[in-house]
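Colleague:
Numbering (the numbering used here), first residue to last: 307 to 517.
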């Protein structure tokens, strides 16, 4: 495996761990200690890694020459009934994950824009560009409103009450069938969302770094 590939897998693992920790910190801020008591606010990667989603899947994507690198950490547990803000609590926790990825992308875009001033090497700038691309993609993908992605917990808060109740019922059923939900997400991505998501990701990335 090339050094760049190893660096990208490490960057992915760090990014998805920060994503899940952001969910946990948001839940803790809203009054739910579940993630904290489970040790999921720790930066220790071992408590967050999922062997399949954090290591094997990204490795397979890299070796297959996929233009998109993707993975995930173990979902952070939380109890929405503990939230001090019952109306928006679950949506706030959901938004925190993608927001953390956007924050990472912004930080690295500042480094890229300041590369000449800081004297950063071309290889570091290239790696930073890939990290920005990766985190923008993670944010956009997770905002897709299909269970169990973060967008599925945000959409009901934006719908009329009757539609929100029906959608929540659908979301619970899909979350109880994780295997089916995962397969549907893959099919939706491959046949519907891959191109528009990639184009959106690339446009946002180039906008951030000023190309």
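Note that the Cβ used here is the ideal one computed from N, Cα and C, for glycine as well. Since we're looking at a predicted model, the values are computed, not measured.
Assuming residue 437 and residue 317 are in contact, meaning their beta carbons sit under 8 Å apart, how far apart are those beta carbons, in whole angstroms?
Modeller: 5 Å
Colleague: Tell me which residue opens and which closes the alpha helix (DSSP H) that residue 428 is part of.
Modeller: 428-448
Colleague: In its own chain, which residues sit with a C-beta less than 7 Å from the C-beta of residue 386, not counting the 5 before and 5 after it?
Modeller: 395 and 396
Colleague: Would you list, in sequence order, the uninterrupted alpha helix (DSSP H) runs of no fewer than 4 residues that lie entirely inside the stretch 331-366?
Modeller: 340-343
Colleague: In this structure, how does DSSP classify residue 454 when only helix, strand and coil are distinguished?
Modeller: coil
Colleague: State the start and end residues of the unbroken alpha helix (DSSP H) segment that holds residue 421.
Modeller: Where residue 421 is concerned, the enclosing alpha helix (DSSP H) stretches over 421-424.
Colleague: Where does residue 481 sit, in a helix, a strand or coil, going by DSSP?
Modeller: Judged by DSSP in its simplified three-state form, residue 481 adopts helix.
Colleague: Identify which residue in 343, 508, 315 and 332 has its Cα closest to the Cα of residue 538.
Modeller: No information on residue 538 is available, as it lies outside the stretch 307 to 517 that the chain covers here.
Colleague: Answer with buried or exposed for residue 477, where buried requires no fewer than 16 other C-beta atoms within 10 angstroms of its C-beta.
Modeller: buried
Colleague: Are the stretch 414-426 and the stretch 453-463 in contact at 8 Å, needing three or more beta carbon pairs?
Modeller: Below 8 Å, too few C-beta pairs join the stretch 414-426 and the stretch 453-463 to call them touching: fewer than three.
Colleague: When you compare the stretch 416-434 with the stretch 361-369, are there three or more beta-carbon pairs, one atom per stretch, that lie closer than 8 Å?
Modeller: no
Colleague: Throw me the rounded Cβ distance for the residue 503 and residue 446 pair, which I believe falls under 8 Å.
Modeller: 6 Å
Colleague: Would residue 401 be called buried (16 or more neighbouring beta carbons within 10 Å of its own) or exposed?
Modeller: buried
Colleague: To the nearest angstrom, how far is it from the Cα of residue 259 to the Cα of residue 440?
Modeller: There is no way to answer for residue 259, as the model of the chain reaches only from 307 to 517.
Colleague: Give the range of the alpha helix (DSSP H) segment to which residue 512 is assigned.
Modeller: For residue 512, the enclosing alpha helix (DSSP H) begins and ends at 500-515.
Colleague: Under 8 Å: do the stretch 470-485 and the stretch 349-364 share three or more Cβ pairs, one atom per stretch?
Modeller: Touching, no.
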